[in-house]
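A.B. asks: The structure that follows is given in the form of structure tokens.
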Amino acid sequence: METWRQLKPLEWWKYVNKEVKVTAHDKQQHHGWVFTVDPVSASIVLVTFQEKGGTSTVRVVTGHAVQEVEVLQEGNEETAGRLRVIFTPPGAQALGP
Amino acid sequence: SPRFIALCPTTISASSETGTDSVQIREEQRARSALRESFLRTLIAMTNKQVQFHMHERVKVEAKFGASDIDVLNVQVSELHTPIGVQKEALLRCQDVISYSFDL
Amino acid sequence: ISWHSMSLPPSERPGERRGAEMKKLYGGDAAKVQGMETAMQLTFDRNCDKKQPKYWPVIPLKL
Numbered sequence: 533m534e535t536w537r538q539l540k541p542l543e544w545w546k547y548v549n550k551e552v553k554v555t556a557h558d559k560q561q562h563h564g565w566v567f568t569v570d571p572v573s574a575s576i577v578l579v580t581f582q583e584k585g586g587t588s589t590v591r592v593v594t595g596h597a598v599q600e601v602e603v604l605q606e607g608n609e610e611t612a613g614r615l616r617v618i619f620t621p622p623g624a625q626a627l628g629p
Numbered sequence: 031s032p033r034f035i036a037l038c039p040t041t042i043s044a045s046s047e048t049g050t051d052s053v054q055i056r057e058e059q060r061a062r063s064a065l066r067e068s069f070l071r072t073l074i075a076m077t078n079k080q081v082q083f084h085m086h087e088r089v090k091v092e093a094k095f096g097a098s099d100i101d102v103l104n105v106q107v108s109e110l111h112t113p114i115g116v117q118k119e120a121l122l123r124c125q126d127v128i129s130y131s132f133d134l
Numbered sequence: 100i101s102w103h104s105m106s107l108p109p110s111e112r113p114g115e116r117r118g119a120e121m122k123k124l125y126g127g128d129a130a131k132v133q134g135m136e137t138a139m140q141l142t143f144d145r146n147c148d149k150k151q152p153k154y155w156p157v158i159p160l161k162l
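Chains as they are written, first to last, in the numbering used here: chain W, 533 to 629; chain H, 31 to 134; chain Y, 100 to 162.
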């Protein structure tokens, strides 16, 4: 997917909070919820949640290795909320203005 | 700089600061800022974590994440477990890396 | 503002140019993004100075 790297920020933005399947150059596929896409390198950050308070996994697929991004599920409030605080320690407020 | 030329869409350089174009530019700037900030937070969250790297040629290694340069061309790691032993301090080239992951 | 206005004389300092570019890319949040980037780059530079890491693998896997 050569075009993935050429998308504009607003186009990458549409993937945020959605569940996707990313196919990388080595044919490996990764599922997860999109936390962000780096506008500099086009790298995509996926999060998979474990049910019942298990560990969550964060995976970055480097922009040059992204072949295809397929949306599996639209975003929802619950997941968006979990993503918003993913790097915030429990009990602490999200950073930023 | 080359980085700016690569990043800066033609819309910004070619249009004036008035009318709908500037609204669109501001929306694009906002999206770019939010995406970039979240990505930088991801890298910061990775500091001192055990990170697994999937590299080209089916190479898989694990190391403690140190820092990355801002263009994410190089990643500085410690205790890199390679197929032929442990390298105490190492730099990985992002071009070699397909994906990397860590547990929260 | 036209593209040509970005082509500034060579006497201009690189830091200023980067500031102007950041403003165009990130708008009102430019200072915040730039601050985070600078902090990260400083950590990277400091770690590299202190630890002297060597590239692994020595030859790139992907040219």
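Built from N, CA and C at the ideal position, the CB exists for glycine as well.
What you are looking at is a predicted structure, and each value in this text was computed from that prediction instead of being measured.
1. Please classify W:Trp544: does DSSP put it in a helix, a strand, or coil?
2. Just how far apart, CA to CA, sit H:Glu87 and W:Ser573?
3. DSSP beta-bridge partners for Y:Tyr125?
4. Please report the distance separating the alpha-carbon of W:Phe581 from that of H:Arg56.
5. What are the residues that DSSP puts in a beta bridge with H:Asn104?
6. Could you check the C-alpha separation between H:Val116 and H:Leu70 for me, to the nearest Å?
7. For my contact list, H:Asn93 and H:Val81 are in at a C-beta cut-off of 8 Å; report their separation, rounded to the angstrom.
8. Specify the secondary structure class of H:Ser131 as computed by DSSP and reduced to three states.
9. Looking at C-alpha atoms only, which residue of W:Thr611, W:Lys546, W:Asp558 is the closest neighbour of H:Arg62?
10. Pull the bridge partners of H:Glu92 from the DSSP assignment, please.
11. Quick one: Cα of W:Lys540 to Cα of Y:Lys153, how far?
12. At 8 Å on the CB atoms, spell out the chain W contacts of H:Val105, in chain order.
13. Would you kindly work out how many angstroms separate the C-alpha atoms of H:Leu122 and W:Gly595, rounded to a whole number?
14. Taking the beta strand (DSSP E) that W:Gly564 belongs to, which residues open and close that run?
15. Considering only the alpha carbon of each residue, which of H:Gly96, H:Val105, H:Ser129, H:Val53 lies closest to H:Lys79?
16. So which residues of chain H does Y:Glu136 contact, with C-beta pairs closer than 8 Å?
17. DSSP on W:Ile576, reduced to helix/strand/coil?
18. Please report the distance separating the alpha-carbon of W:Gln605 from that of Y:Asp148.
19. Quick one: grab the DSSP three-state call for Y:Val157.
C.D. replies: In brief:
1. Sequence index remark: in the first sequence, residue 544 of chain W carries index 12 (1-based). W:Trp544: helix per DSSP, three-state reduction.
2. Position 57 of the second sequence holds residue 87 of chain H. Position 41 of the first sequence holds residue 573 of chain W. Answer to the nearest angstrom: the Cα atoms are 21 Å apart.
3. One-based indexing of the third sequence puts residue 125 of chain Y at position 26. Bridge partners of Y:Tyr125: none, in fact.
4. Working through the first sequence from its first residue, we reach residue 581 of chain W at position 49. Working through the second sequence from its first residue, we reach residue 56 of chain H at position 26. For W:Phe581 and H:Arg56, the distance between alpha carbons rounds to 33 Å.
5. Taking the first residue of the second sequence as position 1, residue 104 of chain H is located at position 74. Paired residues: H:Arg123.
6. Indexing the second sequence from 1 puts residue 116 of chain H at position 86. Indexing the second sequence from 1 puts residue 70 of chain H at position 40. If you take the alpha carbons of H:Val116 and H:Leu70, they lie about 28 Å apart.
7. Residue 93 of chain H sits at position 63 when you count from the first residue of the second sequence. Residue 81 of chain H sits at position 51 when you count from the first residue of the second sequence. The question names Asn, yet the displayed sequence has Ala at residue 93 of chain H. That belief holds up - the Cβ atoms of H:Ala93 and H:Val81 are roughly 6 Å apart, short of 8 Å.
8. Working through the second sequence from its first residue, we reach residue 131 of chain H at position 101. Of the three classes helix, strand and coil, the one that applies to H:Ser131 here is strand, per DSSP.
9. Taking the second sequence and counting its residues from 1, one reaches residue 62 of chain H at position 32. Measuring from the Cα of H:Arg62, the nearest candidate turns out to be W:Lys546.
10. The residue given as residue 92 of chain H occupies position 62 in the second sequence. Answer is H:Gln82, H:His111, bridged to H:Glu92.
11. The residue you call residue 540 of chain W lines up with position 8 of the first sequence. The residue you call residue 153 of chain Y lines up with position 54 of the third sequence. Going from the Cα of W:Lys540 to the Cα of Y:Lys153 covers about 35 Å.
12. Start at 1 with the first residue of the second sequence, and residue 105 of chain H comes out as number 75. Near H:Val105 there are no residues of chain W at all, since even the closest Cβ is about 10 Å away, more than 8 Å.
13. Taking the second sequence and counting its residues from 1, the one referred to as residue 122 of chain H is at position 92. Taking the first sequence and counting its residues from 1, the one referred to as residue 595 of chain W is at position 63. Rounded to whole angstroms, H:Leu122 to W:Gly595 spans 16 Å at the Cα level.
14. Position 32 of the first sequence holds residue 564 of chain W. Residues 561-569.
15. On the second sequence, position 49 is the one that residue 79 of chain H refers to. Comparing Cα-Cα distances from H:Lys79 to each of H:Gly96, H:Val105, H:Ser129, H:Val53, the minimum goes to H:Gly96.
16. Position 37 of the third sequence holds residue 136 of chain Y. The answer, in chain order, is Leu70, Ile100.
17. Position 44 of the first sequence holds residue 576 of chain W. W:Ile576 falls in the strand class under three-state DSSP.
18. In the first sequence, counting from the first residue as 1, residue 605 of chain W sits at position 73. In the third sequence, counting from the first residue as 1, residue 148 of chain Y sits at position 49. Spanning the two alpha carbons is a distance of roughly 45 Å.
19. In the third sequence, the residue the question calls residue 157 of chain Y occupies position 58. Coil at Y:Val157, not helix or strand.
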